[in-house]
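So the structure is just underneath, and the comments pick up after that.
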Amino acid sequence: MRKRVTGCLVYIFGFLTVLVGYAQPTRPLAPTSVLSTGQWIKLGITDSGIYKIDRKWLQAAGLAPDAIDPRQLKLYGNGGGMLPQLNSAPRPDDLIQNAILVAGEADGKFDPNDYLLFYGQGPHRWSYEPGSQRSSHAFNIYADTAYYFLTISNSQGRRVPEQAEVTGANVVIDTYLQRQFHEQDLISPLQSGREWYGEEFNLFTTARNFTFPLVDLVPGSTIQVSSAVMASSKNTSAFTLKANNIQIG
């Protein structure tokens, strides 16, 4: 049960009492969660990408595909990434239904070759900065798995809409931008808070190697490298970044 909360702060000094009232910002709240009714299957993913659910997967999850009307399959989830730090920042009040693609659902039967596709966003998020034309990465310090929820309802589920066919000149897309990152939250200098760092450099470990598998690179294309480091030392410290033994930056 959700209620709007109105609170007050009380300051007492001698015989003086001051009451300061405040109210939470009003916004519509769901009367109940979608999870309150029905049968649900929880799916955990660790990376962003397109995921496939087929007949074999449904059977392993304890469902009987022959009894499923694929048109009534629904998928809910709010993606990965951390919640906003500020309580006042907007966020979904309940799970949001995602648009999915269900191949072969028109006949109302989940046949052996039918399947479901959905795009799942992992726990860590990428964002693109138009000004610098670079991508930045936000590592989730609270979870390493994002969750989605599959259910069978008594109504049509949300589907990926069909797009009009492109006419005119043929456009061939054979390249794309690939993004990779390496980050591990291993050390918290204050052993609290949101500041975490990865591998340590010290008197005995002055160099570390990190490998990024890059295949099918387009000749002459540009690779952008970003690095963030932190030093806490009594003496002057410096970092050198190299790629293939060539200093960069």
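Letter by letter, the sequence shown follows residues 0 to 248 of numbering that gives the first Met the number 0.
Every residue gets a Cβ at the ideal spot worked out from N, C-alpha and C, and that includes glycine.
The structure presented is a predicted model; accordingly, all values stated were derived computationally and were not measured.
> Just checking, does the region 105-116 make contact with the region 125-139 on the three C-beta pairs under 8 Å criterion?
Replying inline: The region 105-116 is not in contact with the region 125-139.
> What residue does the alpha helix (DSSP H) around residue 223 start on, and which one ends it?
Replying inline: Here residue 223 belongs to no alpha helix (DSSP H), and DSSP marks it neither H nor E.
>> Between the alpha carbons of residue 55 and residue 177, how many angstroms are there, rounded?
In response: Their Cα atoms are separated by approximately 31 Å.
>> Among 166, 40, 137, whose alpha-carbon lies nearest the alpha-carbon of residue 184?
In response: Closest option to residue 184, Cα to Cα, is 137.
> Below 8 Å, can you find three or more Cβ-Cβ pairs linking the region 83-102 to the region 30-46?
Replying inline: Contact holds: three or more Cβ-Cβ distances are below 8 Å.
> Counting pairs of beta carbons, one from the region 199-216 and one from the region 152-162, are three or more of them closer than 8 Å?
Replying inline: No, because fewer than three Cβ pairs between the region 199-216 and the region 152-162 fall closer than 8 Å, the two stretches do not touch.
>> Just to confirm my understanding: we take residue 52, look at its own chain, exclude 5 residues before and 5 after, and list those with CB closer than 6 Å. What are they?
In response: Cβ-Cβ distances below 6 Å link residue 52 to 115 in the same chain, with the five nearest sequence neighbours on each side left out; the list follows chain order.
> Which residue spans inside the region 122-171 form an unbroken beta strand (DSSP E) run of at least 3?
Replying inline: 124-128, 133-137, 145-151
> For residue 195, does the three-state DSSP call read helix, strand or coil?
Replying inline: coil
> Under the rule that 16 or more other beta-carbon atoms within 10 Å means buried, what is residue 109, buried or exposed?
Replying inline: buried
>> Measuring CB atoms only, is the region 65-73 touching the region 146-155, in the sense that at least three cross pairs come out at less than 8 Å?
In response: yes
> In its own chain, which residues sit with a C-beta less than 7 Å from the C-beta of residue 203, not counting the 5 before and 5 after it?
Replying inline: none
> CA-CA distance, residue 76 and residue 100?
Replying inline: Going by C-alpha positions, residue 76 is about 15 Å away from residue 100.
>> Distance check for residue 149 and residue 42, CA to CA, integer angstroms please.
In response: 8 Å
> What does a CB cutoff of less than 6 Å around residue 104 pick up in its chain, not counting 5 residues either side in sequence?
Replying inline: Answer for residue 104: 69, 70, listed in chain order.
>> With H, G and I counted as helix, E and B as strand and the rest as coil, what does DSSP make of residue 246?
In response: Three-state result, residue 246: strand.
> To the nearest angstrom, how far is it from the Cα of residue 118 to the Cα of residue 140?
Replying inline: Using only the alpha carbons, I get a separation of about 22 Å.
> Which one of 213, 206, 78, 151 has the shortest CA to CA distance from residue 223?
Replying inline: 213
> Roughly how many angstroms separate the alpha carbons of residue 188 and residue 207, rounded to a whole number?
Replying inline: Near 20 Å, if we compare the C-alpha coordinates of residue 207 and residue 188.
> Rounded to whole angstroms, how far is the Cβ of residue 121 from the Cβ of residue 47, which I believe are closer than 8 Å?
Replying inline: 4 Å
>> Under DSSP, the alpha helix (DSSP H) around residue 55 begins and ends at which residues?
In response: 54-59
> What three-state label does DSSP hand residue 66 in the structure shown?
Replying inline: helix
> Which class does residue 21 belong to by DSSP, given the choice of helix, strand or coil?
Replying inline: Per-residue confidence for residue 21 stands at a pLDDT of 48, beneath the threshold of 50, marking its modelled position as unreliable; the derived number appears in the next sentence. Strand, per DSSP.
>> Which same chain residues end up closer than 8 Å to residue 240 when comparing Cβ atoms and leaving out the 5 residues on each side of it in sequence?
In response: 224, 226, 246, 247, 248
> Looking at the C-beta of residue 57, does it have a partner C-beta in chain B at a distance below 8 Å?
Replying inline: The structure shown has no chain B; it contains just one protein chain.
> According to DSSP, is residue 96 helix, strand or coil?
Replying inline: strand
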